[in-house]
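Participant:
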Amino acid sequence: MPPSFRQEASTADATSPICQFVIQPEVKEVSSGGGTRGGPGAAEGEFRGEFVSPAYPGLHPAGLVCVYQFIGRPNQRVRVEIHDLSLQSHFDS
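Given below as structure tokens:
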């Protein structure tokens with residue numbers, strides 16, 4: 004059974020509508036053979052997937068809070084690689 008991923012988003016203001024959703028990313032099992040399903044150095048039984056922010060590549064809506072939850076098996080590791088990150092200073096308006 005591959006690991007699962009759940010993403011929830013809601014606005015910070017309790018009077019605003021709440022948006023919740025679950026993303027089912029494409030998850031591929033990687034083999035160590037170096038064939039088309041894997042690559043050099045891939046661990047046997049390794050799973051990979053991708054996820055993005057709800058508005059990516061656009062701007063993150065004001066007041067939207069996203070929570071990402073990665074669920075795996077006991078002793079399973081999760082590695083997150085961030086390829087594009089832009090943070091706004093609290094001084095920006």
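Going left to right, the sequence shown walks through residues 4 to 96 as our numbering numbers them. The beta carbon of each residue, even a glycine, is placed where N, CA and C say it ideally should be.
1. Indicate the three-state DSSP secondary structure (helix, strand or coil) for Val68 in the structure shown.
2. Note down the Cα distance separating Phe50 from Gly66, rounded to an integer number of angstroms.
3. Look at Cys69 and Pro57 and say whether their C-beta atoms are less than 8 Å apart.
4. Just verifying my parser: in three-state terms, what is the DSSP assignment at Arg76?
5. For Ile72 and Glu53, I'd like the C-alpha separation in whole angstroms.
6. Taking the alpha-carbon positions, what's the Arg82 to Leu88 distance?
Facilitator: Taking the definition as stated:
1. Residue 68 sits at position 65 when you count from the first residue of the sequence shown. Note: Val68 maps to strand in three-state DSSP.
2. Looking up residue 50 in the sequence shown gives position 47. Looking up residue 66 in the sequence shown gives position 63. Roughly 33 Å separates the two Cα atoms.
3. Here residue 69 refers to the residue found at position 66 when the sequence shown is read from its first residue. Here residue 57 refers to the residue found at position 54 when the sequence shown is read from its first residue. Yes, Cβ-Cβ distance for Cys69 and Pro57 is below 8 Å.
4. What you label residue 76 is simply residue 73 of the sequence shown in a count that begins at 1. Coil.
5. For the purposes of this step, residue 72 is taken as the residue at position 69 of the sequence shown. For the purposes of this step, residue 53 is taken as the residue at position 50 of the sequence shown. According to the sequence displayed, residue 72 carries Gln and not Ile. Gln72 and Glu53: Cα-Cα distance of roughly 13 Å.
6. For the purposes of this step, residue 82 is taken as residue 79 along the sequence shown, with counting starting at 1. For the purposes of this step, residue 88 is taken as residue 85 along the sequence shown, with counting starting at 1. Approximately 16 Å between the Cα atoms of the pair.
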